[in-house]
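In what follows, a single structure is set out as structure tokens and then discussed.
Residue numbers (the UniProt record's numbering): 1 to 188.
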């Protein structure tokens, strides 16, 4: 069982409970603490639950479950963070399709924060509160489902090259044109 304090959303170290859980899993499976700022990928399984995927690409961290539906990978859900000097800033939650409409799926993306054209982080307070509660619940589920235990199976890994430098860019253009007052976007 975990030694993490699950009573609050933020740990004593100032990090989200979800970040503490994922970092603990990564360290357990071979990513060194000094390498957490580099790019990495880890996919672990713990039957009967969906596989857990954790990836850092550039300054973004993606972590959650994927489900297969009609040969497509569907997020179920995925939390996206922006990495900055050891802290993970919430960007969005991507959830599985809400329903079918004669073919294509509609999935929900809840935007929590974005970097504006001046390089400042803009946060939606309503979505941030929802994210804070959701990440805590997700972290507790991972603990209760045994993803921090020794019985997990490593399915795929890609760990950093020790010579790889840690990226210093913190500006993220991906969601620059998104309206922060819109609480949920729908993508086709």
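We put the beta carbon where it would ideally sit given N, CA and C, even for glycine. As the structure is a computational prediction, the values presented were derived from the model and not from experiment.
- For residue 126, the enclosing alpha helix (DSSP H) stretches over residues 125-144.
- For residue 91, same chain residues with a beta-carbon under 8 Å away, outside a window of 5 residues either side, are 60, 80, 81, 82, 111, 112, 113, 114, 172 and 175 in chain order.
- Inter-residue distance for residue 149 and residue 108 is about 31 Å (C-alpha atoms, whole angstroms).
- Going by C-alpha positions, residue 155 is about 20 Å away from residue 38.
- For residue 20, the enclosing alpha helix (DSSP H) covers residues 17-28.
- Per DSSP, residue 43 is one residue of the beta strand (DSSP E) stretching across 40-45.
- In the structure shown, residue 153 falls within a strand segment according to DSSP collapsed to helix, strand and coil.
- Nearest neighbour of residue 142 by Cα position, chosen from 78, 84, 30 and 160, turns out to be 78.
- Taking 8 Å as the cut-off, the beta carbon of residue 139 is found closer than this to the beta carbon of residue 17.
- Residue burial is scored here from C-beta neighbours: residue 66 has at least 16 other C-beta atoms within 10 angstroms and is therefore classed as buried.
- Contact annotation: residue 146 and residue 20 have beta-carbon atoms that are not nearer than 8 Å.
- A Cβ-Cβ contact shorter than 8 Å links residue 157 with residue 42.
- In the DSSP assignment, residue 36 falls outside any beta strand (DSSP E), carrying neither H nor E.
- Counting only the Cα atoms, residue 84 lies some 16 Å from residue 116.
- CA-to-CA, the gap between residue 119 and residue 57 works out to about 20 Å.
- With a 10 Å radius around the Cβ and a threshold of 16 neighbouring Cβ atoms, residue 127 comes out buried.
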